[in-house]
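S.K.: This is the structure I have questions about; it appears just below.
There are 2 protein chains.
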Amino acid sequence: MHTSPTRPILTVGSMAFDSVRTPAGKADHVLGGSVNYFSLAASLFTPIKIVAVVGDDFPKEHLGFLKERNVDVSGVQVAAGKTFHWVGEYDTNLNEAKTLATALNVFEHFDPKLPETHTDCPVVFLANIDPVLQLQVLNQVRGHEFVACDSMNFWITGKPAELKETLKQVDLLCINEKEAFLLSDEKSLEKAARKIQSMGPSNIIIKRGEYGSALFTPTGTFLAPAFLVDEVIDPTGAGDSFAGAVMGYLAEAGANRAMMKNDPQAWDQLLRRSVVYGTVMASFTIQDFSIGRLKTLSREDLMHRREKFMRMMSVG
Amino acid sequence: MHTSPTRPILTVGSMAFDSVRTPAGKADHVLGGSVNYFSLAASLFTPIKIVAVVGDDFPKEHLGFLKERNVDVSGVQVAAGKTFHWVGEYDTNLNEAKTLATALNVFEHFDPKLPETHTDCPVVFLANIDPVLQLQVLNQVRGHEFVACDSMNFWITGKPAELKETLKQVDLLCINEKEAFLLSDEKSLEKAARKIQSMGPSNIIIKRGEYGSALFTPTGTFLAPAFLVDEVIDPTGAGDSFAGAVMGYLAEAGANRAMMKNDPQAWDQLLRRSVVYGTVMASFTIQDFSIGRLKTLSREDLMHRREKFMRMMSVG
């Protein structure tokens, strides 16, 4: 359908160790971080270039594994000190993590500098970090054609002006329901989305955890349920891997701003399909702790579950 | 598609006065009750026969209005005393009502006796009342061909054996998510549904409030989002009017057990379509207090919003 070549995605965010407790069990000091989940998901579709910082305690094997998966880790800075560490838990409401502790460690002085090889990526994903850093990265990319980002309540309330500066340059915002309400000061999904669109992003995906997501494009609204899984082991990374599949699919399809303007209907449908991939990807992520399931997930696994999910959404 | 003639639905449940407070405002002593919401919704599709009890304070004008709407109220007993009165409120979680007071009044000694004219209804909906009464009504119906029911935590924990007796005769259970988990002692939707199916009902609709619903038939699973409304005024009656549209649509299509057995695929699709109607109907109900919106709702209004909703669900 699309003749554009697959394009690499540049992404900036966190590489981390997570210690997490869920109703299904617990995991200590396991691999986590937004760009980690994002890259593993997106790399099933397109090459990825990461900008991030890790400490000297970060396993080199994992960087090697990412390399094998079509992820360029040459922009990952290795700094003296410890890797970012997040400690959190989920109670029976699996839609919301409770942060127990955050040790920024080397992340505290993260100064994202792009290698020359990374400055011409047409597609950019700014994972959930300080909006000042998001903009700093974006300003180093020449001629980007499609930019997406994530954010959270911490930045919405802590750096609202900075976040709004970033949002002006963003084409797609992926955000949780509560955060969408906080950012927009609205209480209904549709009003929130329309208000956020006026801040910059023409396209918004509002994530609702186990209840699915809502997509708002310039021409339409798409309501996607979540895929039903028997047991949620660990919701950590669901949103980042969701975004990874969305962006991977879009990059593979050659998505850019011109496409959005030239054929808004086709654009709307392209984004709907990307949300389906995002939903299915997230459903795998939550079936294991850390990146356990994503490490072995194949494109065939994804396509197989996608078929099943499409039948669950069909009115018939 | 279906050649069977439209068949009347017999329904038993409550006619009530409600006093309700929601984030949008409050309403005192307004018309409510499960069969009231159910009938108004279902009567857009098919004739309805109500079995219920009201006090001598119940407005005759309302019974007259129901009559005009194709609802047979000759089975509504008028007893000396006051009509059932429910007092409740919703906080920001609009998915769950908090009951502040319940005055059963004439409902306390409700002894549902069917007029002879009501005993041959092929389609039956047992709204959320004591499962003993549900069964008592069902036993008075000769040769029913399709039976649906609703229930709640109060009966699931209070009369589990009696509820299970009723469920053995039920073809479709409409129930809230929390209640499905309580009834099945499971924590995932699919496991809960499969377990409830083993109790009798081949078809289950699990309602998730603002997040939509999930349908489980013998051959498939359908996940429906909720229609997006700008503001929820009062969620009361959403579930009952949802069931009303589902059952009205099914009765109009001539749904019965034979159809379910003879062509399980067509049956599955019929039920998916019914859930779409239920969802759209509920979205109107919650846009006003009491039966305010349902009183003036036309089939055209319903079809128009259904089209919009179908576009919101389409992957494209």
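Just so you know, the protein sequences line up as chains A and B, in that order.
Just so you know, we're using the numbering used here here: the first sequence kicks off at 18 and counts up by one.
Just so you know, we're using the numbering used here here: the second sequence kicks off at 18 and counts up by one.
Every residue gets a Cβ at the ideal spot worked out from N, C-alpha and C, and that includes glycine.
Computed from a predicted model, the values in this text were never measured in an experiment.
Grouping DSSP H, G and I as helix and E and B as strand, with all else coil, what is Q157/B?
M.R.: Look at Q157/B here: in three-state DSSP terms it is coil, with no helix or strand label.
S.K.: Say whether chain B places a C-beta atom closer than 8 angstroms to the C-beta of E248/A.
M.R.: yes
S.K.: Does the beta-carbon of Q282/A have 16 or more other beta-carbons within 10 angstroms, so that it is buried, or is it exposed?
M.R.: Burial state of Q282/A is exposed, judged by a 10 Å Cβ sphere holding fewer than 16 other Cβ atoms.
S.K.: Sort R290/B, G49/B, G50/B, G265/B by Cα distance to N87/B and report the nearest one.
M.R.: G265/B
S.K.: Please decide whether S291/A counts as near chain B, where near means a Cβ-Cβ distance under 8 angstroms.
M.R.: Taking Cβ atoms only, chain B never reaches closer than 8 angstroms to S291/A, which makes this a no.
S.K.: Buried or exposed for D137/B, please, with buried defined as at least 16 other CB atoms from any protein chain shown within 10 angstroms of its CB.
M.R.: exposed
S.K.: In three-state DSSP terms, what is E113/B?
M.R.: coil
S.K.: Out of V158/B, D251/B, K224/B, state which residue places its alpha-carbon closest to the alpha-carbon of V293/B.
M.R.: K224/B
S.K.: Can you round the beta-carbon distance between P148/B and E179/B to whole angstroms, since I take them to be within the 8 angstroms contact cut?
M.R.: Yes, P148/B and E179/B are in contact; Cβ-Cβ is about 4 angstroms, under 8 angstroms.
S.K.: Return the CA-CA distance between N279/B and D285/B, expressed in angstroms with no decimal places.
M.R.: 12 angstroms
S.K.: Tell me whether M18/B sits in a helix, a strand or coil according to DSSP, three-state version.
M.R.: Bear in mind that a pLDDT of 42 at M18/B, under 50, signals an unreliable position, so the model cannot answer this.
S.K.: Under 8 angstroms between the Cβ atoms of I192/B and G30/B?
M.R.: no
S.K.: Just curious, the alpha helix (DSSP H) that R38/A is in, first and last residue?
M.R.: R38/A -> not in any alpha helix (DSSP H); beta strand (DSSP E) instead, spanning 33 to 39.
S.K.: Starting from the C-beta of A97/B, find all residues in its chain whose C-beta is less than 7 angstroms away, skip the five residues before and the five after it, and write them out in chain order.
M.R.: D73
S.K.: Can you tell me the Cβ-Cβ gap for A59/B and A262/B, rounded? I've got them flagged as a contact below 8 angstroms.
M.R.: 7 angstroms
S.K.: Along chain B, in chain order, which residues have C-beta atoms closer than 9 angstroms to that of G229/A?
M.R.: Y228, G229, L240, P242
S.K.: Using a Cβ-Cβ cut-off of less than 7 angstroms, give me the residues of the stretch 194 to 217 of chain A that come near chain B, in sequence order.
M.R.: S205, L206, E207, K208
S.K.: Using CA atoms only, rank isn't needed, just tell me which of T253/B, T28/B, F82/B is closest to L150/B.
M.R.: Selected option, being the one with the closest Cα: T28/B.
S.K.: Report the rounded CA-to-CA distance for G237/A versus M329/B, giving the unit in angstroms.
M.R.: 8 angstroms
S.K.: Alpha carbon to alpha carbon, what distance is there between D45/B and V37/B?
M.R.: 6 angstroms
S.K.: Determine the burial state of L117/B: buried for a count of at least 16 other Cβ atoms within 10 Å of its Cβ, exposed for fewer.
M.R.: So L117/B counts as exposed.
S.K.: Any beta carbon from chain B within less than 8 angstroms of G256/A's own beta carbon?
M.R.: No, G256/A lies away from the interface with chain B (no Cβ there is under 8 angstroms from its Cβ).
S.K.: Under three-state DSSP, which class holds Q151/A?
M.R.: DSSP, reduced to helix, strand and coil, places Q151/A within a helical segment of the structure shown.
S.K.: Nearest to L48/A by alpha carbon, out of F163/A, R24/A, Y107/A, V71/A?
M.R.: V71/A
S.K.: I need the DSSP call for D89/A, collapsed to helix, strand or coil.
M.R.: strand
S.K.: Find the residues of chain B that neighbour R328/A, judging by a C-beta separation of less than 9 angstroms, and give them in chain order.
M.R.: Chain-ordered, the chain B residues with CB closer than 9 angstroms to the CB of R328/A read G237, T238, F239.
S.K.: Applying a beta-carbon distance threshold of less than 8 angstroms, which residues of chain B neighbour V95/A?
M.R.: Correct list: empty, because the minimum Cβ distance to chain B is about 41 angstroms.
S.K.: Can you give me the C-alpha to C-alpha distance between L232/B and L80/A, rounded to a whole angstrom?
M.R.: 44 angstroms
S.K.: For R323/A, decide whether its Cβ has a neighbour in chain E, counting only Cβ atoms nearer than 8 angstroms.
M.R.: In the structure shown, chain E cannot be found, because the protein chains are A and B.
S.K.: Does DSSP put I213/B in a helix, in a strand, or in coil?
M.R.: helix
S.K.: Here's a check: name, in chain order, each residue in its chain whose Cβ is nearer than 7 angstroms to the Cβ of T384/A, leaving out the five neighbours to either side.
M.R.: Within the shown structure, residues of chain A are numbered from 18 to 333, placing residue 384/A beyond reach of any answer.
S.K.: Counting only the same chain and skipping the five closest in sequence on each side, list residues whose C-beta sits under 6 angstroms from that of W172/B.
M.R.: If we look at W172/B and ignore the five residues flanking it on each side, its Cβ neighbours are P148, L180.
S.K.: Give a yes or no on whether 8 angstroms exceeds the smallest Cβ distance from R225/B to chain A.
M.R.: yes
S.K.: So does the stretch 242 to 254 of chain B actually touch the stretch 290 to 308 of chain B, counting three or more Cβ pairs closer than 8 angstroms?
M.R.: Segments in contact, yes.
S.K.: Compute the distance between the beta-carbons of S300/A and F244/A, then report whether it is under 8 angstroms.
M.R.: Cβ atoms of S300/A and F244/A: closer than 8 angstroms.
S.K.: Nearest-angstrom Cα distance between T234/B and T39/A?
M.R.: 31 angstroms
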